[in-house]
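Structure record follows, encoded as structure tokens.
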Ligand code: UDP
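Numbering (my numbering), first residue to last: 2 to 319.
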């Protein structure tokens, strides 16, 4: 297959690209490098089946015939989508529409990276796909949440009205090597702070929860869903739920760091609890994550160690 991966220089996009190339496909990666990093693709320099095109998908473009489109282009960490607020809304609307047009034109399959943020600060726990969510439509996080919710509507419309073979994973918090060390997400912040011997910045009382999926598990679920007949959203994440304080303690244990935990203000509209109900993915795809949090943190250690002291280099690429 010839596959288009947007956001190919990002954390998930680059891992997905590796898996697709490993299966023998050709990949055209597209990225505007607003939050992605060329470092994530550096190892593909001499791979003849991979090409990266630097472009913004908010303008229409024609990649030539493709068999499948994976749309992973979007800022994804809270500090980055707050910094790139309007760009996030545009890539989730115009960008998604442009890539859906490509899938419609070439009769290609289409998978859009949706998110647990569609559930907002959920009142149902754990979150199943039938839950419509509790989203503040005008709060700071709305630029991401509402773009992703609009994108789901757009994807379903292209499926229903234009017959595009679409797929909608709702991706819960994911971590692993290549998670940007400075983009402000909790795992990257805690790992880098622990390795630098700095205090771990726990927002609020640290009692809010998240469920963390190791990247290899997630990519496996993405590929299975992309080859399924399911068009409605499917949760993909690890149902192991941890408070942020527990997460901080796990990072200290895995890194062997003696850093203290320091309390910082809780960001506005920060969801209180988040945990996927993955019964649909289990039944439909026979998928479930295999790697528990501490094991995944240990597998990520080498990457985060390599990033200590390389702050300037990564910032330049971005
Ligand atoms: N968080 C934290 N310290 C940090 C970064 C994040 O305590 O240095 C908290 C944040 O308030 C949230 C959780 O960790 O409750 C996950 O945050 P992240 O930005 O990774 O992603 P989110 O799930 O909020 O999109």
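The beta carbon of each residue, even a glycine, is placed where N, CA and C say it ideally should be. Owing to the predicted nature of the structure, the values given are computational and were not obtained by experimental measurement.
Can residue i and residue j be called in contact, C-beta distance under 8 Å?
i	j	result
residue 137	residue 121	yes
residue 308	residue 200	no
residue 237	residue 130	no
residue 184	residue 78	yes
residue 29	residue 42	no
residue 255	residue 196	no
residue 171	residue 235	yes
residue 90	residue 148	yes
residue 101	residue 155	yes
residue 282	residue 222	yes
When you compare each of the options to residue i by their alpha carbons, which one comes out closest?
i	options	result
residue 73	48, 202, 36 and 51	36
residue 67	186, 2 and 81	2
residue 211	226, 229 and 176	176
residue 292	61, 264, 310 and 216	216
residue 260	267, 266 and 249	249
residue 295	128, 235, 251 and 178	251
residue 239	218, 134 and 223	218
residue 302	179, 155, 222 and 289	179
residue 229	306, 169, 148 and 101	169
residue 127	304, 288 and 272	272
residue 19	32, 31 and 44	44
Considering only residues of the same chain and omitting the five flanking positions on each side of residue i, which have a CB-CB separation below 8 Å?
i	result
residue 49	none
residue 318	Note that residue 318 has pLDDT 28, beneath the 50 cutoff, so the model's placement of it is unreliable and the number below is only indicative. These residues qualify, in order along the chain: 34, 38, 39 and 40.
residue 152	93, 94, 97, 113 and 115
residue 280	129
Starting from the C-beta of residue i, find all residues in its chain whose C-beta is less than 6 Å away, skip the five residues before and the five after it, and write them out in chain order.
i	result
residue 111	70, 104, 165 and 167
residue 14	6, 8 and 73
residue 231	285
residue 134	119, 120 and 121
residue 258	195
residue 267	204 and 205
residue 274	126 and 210
Are any of the Cβ atoms in chain B nearer than 8 Å to that of residue i?
i	result
residue 58	Here there is only one protein chain, and chain B is not present.
Should residue i be counted as a contact of the ligand ATP given a C-beta to heavy atom distance under 7 Å?
i	result
residue 252	In terms of ligand content, the structure shown lacks the ligand ATP and carries the ligand UDP instead.
Spatial neighbours of residue i within its chain, please: CB distance less than 7 Å, with the 5 preceding and 5 following residues excluded, ordered by chain position.
i	result
residue 270	122, 137, 140, 141 and 142
Segment contact, 8 Å Cβ cut-off, at least three pairs: the stretch 48-64 with the stretch 175-195: By the Cβ criterion, the stretch 48-64 is not in contact with the stretch 175-195, since fewer than three pairs of Cβ atoms, one from each stretch, lie closer than 8 Å.
Report yes or no: do three or more beta-carbon pairs, one from the stretch 201-209 and one from the stretch 242-252, lie closer than 8 Å? Contact holds: three or more Cβ-Cβ distances are below 8 Å.
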